[in-house]
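Below is one structure, written out as structure tokens, with a few remarks after it.
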Amino acid sequence: MYRSGLWSKPDCSPRPYVMGLLLSALLLSACSSNEQGQMCVGKVETLSGQSLGTLQGRIIDRFSSFSVNLPSLKLDSGPLHSNDRQLYIPMAVTEDGWLTQRISDHRFALINAPKDQAITLTCP
């Protein structure tokens, strides 16, 4: 076969790059958290276990942190820490002094010792 001695022109089509970018955006949007959160039922108690009532609140769960919107309280847990998630409950302390805990994928605890108050939220 006869060759002219010129290099063949490489394929400079942007299509593979655009497809890769779209696929990446799709994967990121599929993995992002639901920023609207979910409504959860909460049980309010004193630290000694005396019931103070119930409430409803919205939890926005981001796995490594969560936010709580209650009628009288808005909290952001900040980064949750645990040396071993199999043995210890991930927790953090907010700037306002609340101890925040992720008990499970559907249960969250907020504890404030100076106010003698503990709130346990259970989500569907």
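Residue numbers (this note's numbering): 5 to 128.
All residues carry an ideal CB built from backbone N, CA and C; glycine is no exception.
Run through DSSP, which three-state label would residue i get?
{"i": "L51", "result": "coil"}
{"i": "G41", "result": "coil"}
{"i": "R66", "result": "coil"}
Could you give the first and the last residue of the continuous beta strand (DSSP E) run that contains residue i?
{"i": "K78", "result": "77 to 80"}
{"i": "A113", "result": "111 to 116"}
{"i": "Q90", "result": "Segment: none, Q90 is in no beta strand (DSSP E) and carries neither H nor E."}
Could you tell me which residues DSSP pairs with residue i in its beta bridges?
{"i": "M95", "result": "H85, Q105"}
{"i": "G57", "result": "V48"}
Please check the pair residue i and residue j, which I expect to be a contact at CB under 8 Å, by giving their CB distance rounded to whole angstroms.
{"i": "G57", "j": "L125", "result": "Wrong, their Cβ atoms sit about 13 Å apart, outside the cutoff."}
{"i": "V97", "j": "L91", "result": "The Cβ separation is near 20 Å, so there is no contact."}
{"i": "S71", "j": "P83", "result": "The pair is not a contact, with the Cβ atoms about 13 Å apart (cut-off 8 Å)."}
{"i": "Q121", "j": "V45", "result": "Contact doesn't hold; Cβ gap of about 17 Å is too wide."}
{"i": "Q40", "j": "I63", "result": "Not confirmed; about 11 Å, so no contact."}
Counting C-beta neighbours from all protein chains within 10 Å, is the total for residue i 16 or more, i.e. buried, or is it exposed?
{"i": "L79", "result": "buried"}
{"i": "L114", "result": "buried"}
{"i": "Y21", "result": "exposed"}
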